[in-house]
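One line per chain: the protein sequences are A and B, in this order. When you line the first sequence up against our numbering, it's residues 1 to 516, in that order. When you line the second sequence up against our numbering, it's residues 1001 to 1279, in that order. Using N, Cα and C, we set each Cβ at its ideal position, and we do this for glycine too. Accompanying notes for the structure given below.
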Amino acid sequence: MNVLKNALLTVIAGLTVPVFAGPLWAQGADSQLLLHPPKNSWPSYHGDYSGRRHSALTQITPQNVKNLSLAWAFQTNQTIPLKSSPLLVDGILYFTAPDNVWALDARSGHQIWHFNYPRGQGEHIGQRGVAMYKDSLFFLTPDAHLISINSKDGMTRWKVQIADVSKGYWTSMAPLVVGNHVLVGVSGDFDNLSGFLRAVDPETGDTQWQWDSSPPAGTPNQTTGGMTWMTGTYDPELNLVYWGTGNPTPVLNGSTRPGDNLYTCSIVALNADTGKLVWSFQPSPHDTHDWDAVETPVLVDGDFHGKPYKMLMQTSRNGYFFVLDRTNGKSLLTVPFGPVNWSLGIDKKGQPIPNPAKEPAPDGRLIAPDEGGMTNYRAPSFDTKTGLFVVSAHPSWSLYFAKPADGTYGWAGADYDVWGTGVIEAIDYQTGKIRWAHDLGDESGAGVLTTDSGLVFTGDAKGNFLALDSTNGKTLWHAGSGSHITSSPTTYELDGRQYVLTSSGGVMFAWALPED
Amino acid sequence: MNLRVPLQGINFTVLLLGSIGLLAQAAPPAQAPAPAQSAAPQQSAATTKTYPPELVQKGQALFRQDCSFCHGRDAGGGETGPDLTRSRLVRADIDGDKIGPVVRNGRPDKGMPPFDRSDDQMASLVAFIHTQQNNMRNNRGGGRKGVDPSDLQTGNAEAGKQYFEGKGGCSSCHSPTGDLAGIASKYKGLELEQMMLYPRRAKSKVTVTLATGENVSGTLAYVDEFTIALTDSTEQYRSWRTRDVQYKIDSPVNAHKELFPKYTDADVHNLMAYLQTFH
């Protein structure tokens, strides 16, 4: 208990996101805004560079959250479920769906403009949001182009190709602006493609650097894959960006890619200005279960077993919770956060050792977790008040098959869910012990937001938005949304009023306490 | 392990997020001589229909954009989504009469969103999906993935019987001549194995105790943190706020979950071999 108390104090002292009023009218999102987001903003996908998705706002409390009510809703009138985290800058919200960007007045919820990209090739499976730099928004399309959009009127400034959609690439992630670099990643594991992270110039779209996560396709005995599906995090003092990479290809058949398959299923630290690899850690060496390691690499400064560390934490898809020293990638803790049955234990580096007997086989292997993983795109949160890592988890079991007839291209096998459930877990980061768990009944697509006042905002599998007590997981407020929640909540203060934004189906909801 | 598979065998693929209705029925190409008692193949008009190449191409492009992430580029199954080439609903579909509603309404319980598509777009999708299913049935070219009953025959039925009656504890609820009689004629291959591991269609019973002390029992219809509902003996749906009642859910199927961490893969295959003797 003492250790935790000391850790909490250190963590609170070490917050890299101070709350201050900030400029009333910023010129869009400049570097300072991105480094120190004021409380009337949410200028990037995670809210800030740490990825903690933890807010210092305290107007909504465990005592008054039962009165939380709808401030406004915006209906996109599209059937595609929203997956993006909206940005809030200068009182204007920006969020997305594939081929679409909306700008809303955050006070009224009314549309200012709507950008629509002509429907083209590429998977339209999801879009996580835009990035903002000054008065430009950066938007990735299913056909793997990056568009710079004028935030004032939704007009295109320029468009560049990030990857070749005809080869099987597409793009869906929310870019990350660091300094004068717009960092973009790619999707696509139905083909044997090389993954990468690219930095482009915000004024022109010209490539500044590219870091490749896997060798070129066709290199003998080497893997492809390592797609950069989600948004990373950034430490301005170390000038390192932290990024997770996806699974290797072929997916379920590892025979043509012996070895660890670097840098697939990895967490890498890259120099933000050059893209050079500084260190790497691999949550899933030689993965054969499609378990990307692209979940948020959450940055936390605090004590670990009595010593101060700059840490990086990830609840990874493969079922393991990792705590690393983010200055050098050394492992501090590796512990499962749900049932896993596919590893032979942990090696000296803190990486799981895959069990060859649990690779996909012609007659099937019973595997925990399932292919969707113990968690997935839905954001976790690190609550600096409680020292708990809160994640929407999916304990699950599945069957994995692969046989020679399935080939060595793309999926190269088949997997089938057998059973799974959903639960919000609050993990003590120093031990991996689950301090409290909130049963969701089934796997939920809702991410997690925590606040300093002691609240956890998330959602269940039935479309209920939830506010939980962050000390024990008890439900304090809920609202039935009527559709699937496939996004992560955000929050900001505007006009002295705290708003929490959630989405369900094609509708964006803004919640606040009733006004006097 | 030599398992007699009728020529017109029914290959079922139970789909991950696929609905209960999407039971696959594929007639494999002639590989083994037809046993005398094989059933005549079920043919529907759609299975022999061919579609204009341009329509199929349009459908393929649209499928690639909207459907391929979950259902695979070739409709053979992708991330999280069912294999449509082995789908009974697709096989029974005529010009989109069944596929259309699934696409337009989605499958909310399974995680498939609705897609608002024009009639022309729907026709192209239907053309593509049927073409894929026809191709799968007629041509088992290399590179196709999927699980056939023949893939699942690596177990030993006697060992399965030992497990069933012993360590597995199955015989405390099940019997090959009782509730499971004929199960292997009803379900084959992957579907049988998935049901064996976790019978997702099994219904739970629930007893709700009202504040008055009255008990109401029925089949569980819905439950979340806030609402519990059942259908009673007259098939009437009744619900309560969970805060107003006590309730007890009876899910015998939970015993299956307890076995997950205990099974070896050999246990699974042996049990499967044993179950396949329950004709």
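Grab me the residues of residue i's own chain with a C-beta within less than 6 Å of its C-beta, minus the 5 sequence neighbours each way, in chain order.
i	result
residue 369/A	319 and 396
residue 1084/B	1071, 1075, 1090 and 1129
residue 417/A	370 and 398
If we count the other Cβ atoms within 10 Å of its Cβ and call it buried at 16 or more, is residue i buried or exposed?
i	result
residue 1243/B	exposed
residue 1173/B	exposed
residue 314/A	buried
residue 1254/B	exposed
residue 158/A	exposed
residue 500/A	buried
residue 269/A	buried
residue 1181/B	exposed
residue 353/A	exposed
residue 1271/B	buried
residue 439/A	exposed
residue 155/A	exposed
residue 511/A	buried
residue 181/A	buried
Using the DSSP secondary-structure output, state which residues sit across from residue i in a beta bridge.
i	result
residue 1188/B	None; residue 1188/B has no bridge partner.
residue 1217/B	1207/B
residue 232/A	Paired residues: none, contrary to the question.
residue 311/A	300/A and 325/A
residue 184/A	198/A
residue 501/A	490/A and 510/A
residue 1051/B	Paired residue(s): none; residue 1051/B is not in a bridge.
residue 416/A	399/A
residue 389/A	382/A and 427/A
residue 342/A	The partner list for residue 342/A (beta bridge, DSSP) is empty, contrary to what the question assumes.
residue 267/A	244/A and 281/A
residue 1241/B	1227/B
residue 352/A	346/A
With a CB to CB cut of under 8 Å and the five nearest residues on each side skipped, what residues in its chain are close to residue i?
i	result
residue 515/A	497
residue 393/A	315, 337, 338, 374, 375, 422, 423, 424 and 425
residue 1245/B	1208, 1209, 1210, 1211 and 1228
residue 124/A	80, 98, 99 and 142
Can you name the start and end residues of the beta strand (DSSP E) that residue i belongs to?
i	result
residue 31/A	Where residue 31/A is concerned, there is no enclosing beta strand (DSSP E), although the alpha helix (DSSP H) it sits in stretches over 31 to 35.
residue 438/A	434 to 439
residue 1247/B	1246 to 1250
residue 1182/B	It is not in any beta strand (DSSP E) - residue 1182/B carries neither H nor E in the DSSP assignment.
residue 240/A	240 to 244
residue 1200/B	Premise fails: residue 1200/B is in no beta strand (DSSP E) and is neither H nor E.
residue 459/A	455 to 459
Interface residues of chain A around residue i at Cβ under 9 Å?
i	result
residue 1197/B	366, 397, 399, 418 and 419
residue 1194/B	399, 416, 417 and 418
List the residues of chain B that residue i touches, going by C-beta distances under 9 Å, in chain order.
i	result
residue 142/A	1065
residue 310/A	Going along chain B, no residue has its Cβ under 9 Å from residue 310/A, so there is no contact; the nearest lies around 34 Å.
residue 203/A	What residue 203/A touches in chain B: nothing, since even the nearest Cβ is about 31 Å away.
residue 341/A	1260 and 1261
Taking Cβ-Cβ distances shorter than 7 Å, what residues in chain B pair up with residue i?
i	result
residue 80/A	1113
residue 228/A	The contacting residues do not exist; residue 228/A stays about 17 Å from chain B at best.
residue 362/A	1151
Quick one: residues in its chain with C-beta nearer than 7 Å to the C-beta of residue i, no 5 flanking neighbours on either side, listed in chain order?
i	result
residue 217/A	192, 193, 194 and 224
residue 1069/B	1078 and 1079
residue 1124/B	1055, 1058, 1059 and 1062
residue 24/A	Any reading at residue 24/A must be qualified, since the residue scores a pLDDT of 46, below 50, and its modelled position is unreliable; the value itself is stated next. Nothing listed; no residue qualifies.
residue 178/A	234, 241 and 272
residue 381/A	52, 53, 54, 390, 448, 449 and 450
Kindly list, in the order they appear in chain A, the residues whose Cβ is closer than 7 Å to that of residue i.
i	result
residue 1069/B	123 and 125
residue 1224/B	441, 460, 462 and 464
What are the boundary residues of the alpha helix (DSSP H) that includes residue i?
i	result
residue 1269/B	1265 to 1275
residue 1068/B	1068 to 1071
residue 1101/B	1099 to 1105
residue 1162/B	1157 to 1165
residue 317/A	No alpha helix (DSSP H) contains residue 317/A, which DSSP labels as neither H nor E.
residue 449/A	Per DSSP, residue 449/A belongs to no alpha helix (DSSP H); it is in the beta strand (DSSP E), 449 to 451.
residue 1254/B	1254 to 1259
residue 1091/B	1088 to 1092
Which residues in chain A sit within 8 Å of residue i, going by Cβ to Cβ distance?
i	result
residue 1108/B	483 and 484
residue 1231/B	Correct list: empty, because the minimum Cβ distance to chain A is about 18 Å.
residue 1268/B	364 and 366
Could you tell me which chain B residues have their CB closer than 8 Å to the CB of residue i, listed as they occur along the chain?
i	result
residue 51/A	Those do not exist, as residue 51/A stays about 24 Å from chain B at its closest Cβ, beyond 8 Å.
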